[in-house]
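Notes follow once the structure below has been shown.
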Amino acid sequence: PELSAAQKRRLAPEPGYADQAAAIACGLEDARQDGSLSREVVFLVAPPFSGVEQALACFSGPGQSGSIEGGGEEWRIILPPEALSFDDQDACEWWDRQDLSRPWVIPELADFWLRCLSGLALVKELFRRVANGDTGTGIVGCSSWCWRYWDQYLENAQMSPWTPAPMDAERLGVWFTRLASGSGNRVVTARMTSDGQYVLPLAKPDDTEKRKYSTFLRDLAALSRGNPGVALAIWQRSLRARPDDDAKLEEADEKPKKQSNAADCWVVPLARLSLPAMPQSKESVTGFVLHGLLLHNGLDMDSLETVTGVSIYELSLVLSRLNRAELVVCDQASKRWSVTPIGYPTVRRHLQSWGFPLDQF
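Residue numbers (our numbering): 1411 to 1771.
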């Protein structure tokens, strides 16, 4: 049986982003001090679901992120306008109204443009100002798909982006342990449902207990391509309440008295996990829709029609089908459609098979 909703929230909760914001701020400040970062504006490029956008949104409040990298000043969040169609003059005037002289941050650049002629002006003007040094200290977060487009569109911009390191098996293990323990130091034990091999806690060099460890975290890091949000979504789906009935556990665990305390949770092997699959289709419309959603970090129906040229009627059919397959989801508050974390690996492979330009992560 799968874990209850309460158990999942306890053992694999959604992360907070204040610590990540502080880590970004400290990393950038260290880079400025050692001379490896000399630009006033730094671009942080990461795949979707990496948490960079949410972490940068935390910069607006008082606290560590505001006091370290901003020289003690509070960061100002620059939000996109409601309508993104501008000519060059209007785009210039819009940026003139934004105070870029004090520390500022854009959590996600993908929210500032649409892939149509009148939807490019805001980002083009921002790149021009940054390249000319016409702004103060700033941080721009950008999805790797959005960056791929603009890196080719403005080849001479040369913004030298920074990016977080991918999550390897050890980093995932440390992160999952921290999420499950909350603010405490509780040791969480996770074992495979099939054979009882350990996933958590991570092995320590001086560990005297002779435990057999699974390759689950290594395989998960490979499947998710080091993407933390994707890895967490798969991890949440893989957790179970007890081992398989026919699982061959270690002798000590076979005793009823010990088996109940043998693990906080159990983990299904990735080969047996049911992950979203792409619905079969002979047309490339599905690819255009998914590529548009990734380029813009999610879109509402009207904007998606603008960037893809697909009618609202056909979009509703395609999105409904993808939603049933768990590949996309609609935020009910904003009415924006976006790719799901757990469906992202499938979506990326589909776009690759159809020859769409991919991000470089």
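Glycine included, every Cβ here is placed at the ideal spot set by N, Cα and C.
The model shown is predicted, which means the values in this text are computed figures rather than measured ones.
| query | result |
| --- | --- |
| Using three-state DSSP, classify tyrosine 1754 as helix, strand or coil. | helix |
| Which partner residues does glutamate 1412 have in the DSSP bridge list? | Arg1650 |
| Are the beta-carbon atoms belonging to leucine 1421 and tyrosine 1559 less than 8 Å from one another? | no |
| Looking only at its chain, what residues have a beta carbon closer than 7 Å to the beta carbon of alanine 1567, apart from the 5 residues adjacent to it on each side? | Phe1537, Ala1541 |
| Taking just the CA atoms, how far does serine 1634 sit from glycine 1445? | 33 Å |
| In this structure, how does DSSP classify isoleucine 1487 when only helix, strand and coil are distinguished? | strand |
| Please go through the same chain and pick out, in chain order, the residues whose beta-carbon is closer than 6 Å to the beta-carbon of proline 1574, but skip the five residues on each side of it. | Ala1456 |
| Are there 16 or more other CB atoms within 10 angstroms of the CB of glutamine 1690, so buried, or fewer, so exposed? | exposed |
| Excluding sequence positions up to five away, which residues of its chain have a Cβ less than 8 Å from the Cβ of arginine 1746? | Gly1708, Leu1709, Asp1710, Cys1740 |
| Of the residues Trp1505, Gly1592, Pro1755, which one's Cα is nearest the Cα of glycine 1639? | Pro1755 |
| Taking the alpha helix (DSSP H) that valine 1699 belongs to, which residues open and close that run? | 1695 to 1705 |
| Identify, in the order they occur along the chain, each residue of the same chain with its Cβ nearer than 7 Å to the Cβ of tryptophan 1505, setting aside the five sequence neighbours on each side. | Glu1535, Leu1536, Arg1539 |
| Quick check on arginine 1512: does DSSP put it in helix, strand or coil? | coil |
| Just to confirm before moving on: does the CB-CB distance between leucine 1737 and glycine 1719 stay below 8 Å? | no |
| Between alanine 1415 and alanine 1681, what straight-line distance do the alpha-carbon atoms span, to the nearest angstrom? | 24 Å |
| Which same chain residues end up closer than 7 Å to serine 1511 when comparing Cβ atoms and leaving out the 5 residues on each side of it in sequence? | Gly1546 |
| Considering only residues of the same chain and omitting the five flanking positions on each side of valine 1757, which have a CB-CB separation below 7 Å? | Leu1700, Leu1737, Val1749 |
| Give me the Cβ distance between valine 1359 and tryptophan 1485, rounded to the nearest whole Å; I'm assuming they're in contact under 8 Å. | What is shown of the chain runs 1411 to 1771, which leaves residue 1359 out entirely. |
| Quick one: residues in its chain with C-beta nearer than 6 Å to the C-beta of tryptophan 1557, no 5 flanking neighbours on either side, listed in chain order? | Val1455 |
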